[in-house]
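Engineer:
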Amino acid sequence: MVGSGGKSGESLFGVHGDALALRSQRLALLASNIANASTPGYKARDLDFTKALDMAQAGTRADAAAAGAMGYRVPLQPSQDGNTVELSTEQTIFAENAVQYRTTLSFLNGRINTLMTAIKGE
């Protein structure tokens with residue numbers, strides 16, 4: 026299972042299954058930050074990807090690893106209404122994470138295609 030953290034798919038997909046699940050969760054978190062950029066009092070959150078991936082590789086489920094590696098972002102310029110979302114920062118991090126997500130997904134697709142070719146005997 027992809028993103029299962031220590032389950033049967035680990036030997037086939039290695040770290041990439043967990044990485045894909047964590048990147049997906051981080052994309053959702055960053056999208057939430059962007060959507061709440063003008064919500065008074067909203068606190069921007071982010072995921073320490075390296076910490077979450079280490080936890081997942083140690084056997085923690087990806088969703089639990091994400092929760093354990095989540096924290097609040099400290100803004101460079103605090104706003105008057107208590108909102109800590111800095112839109113340009115969030116958009117940049119979102120774009121970087123989206124590229125990393127697509128890269129991981131491409132790697133997994135290649136791995137699956139290789140396995141399918143081997144199974145078919147082509």
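First residue of the sequence shown? That's 26 in this note's numbering, and the numbers climb one at a time after it. Even glycine gets a Cβ: it sits at the ideal position worked out from N, Cα and C.
1. Beta-carbon within less than 7 Å of M95's beta-carbon, same chain only, minus the 5 sequence neighbours each way: which residues are those?
2. List the DSSP bridge partners of M80.
3. In angstroms, rounded to a whole number, what distance separates the CA positions of S57 and R127?
4. Enumerate in chain order the residues of its own chain whose CB-to-CB distance from Q125 is below 7 Å, with the five nearest sequence positions on each side excluded.
5. Which same chain residues, not among the five before or five after K145, have their C-beta less than 8 Å away from its C-beta?
6. So, using beta-carbon positions, are N134 and R51 closer together than 9 Å?
7. Under 9 Å, do H41 and T129 count as touching if we go by C-beta distance?
8. T114 and K68 - do their beta-carbons sit closer together than 9 Å?
9. Among A92, I59, P103, whose alpha-carbon lies nearest the alpha-carbon of T75?
10. What residues match up with Y97 in a beta bridge as DSSP calls it?
Structural biologist: In short, the structure shows the following:
1. R70, L72
2. According to DSSP, M80 bridges with nothing at all.
3. 20 Å
4. R48
5. none
6. no
7. yes
8. no
9. A92
10. R70
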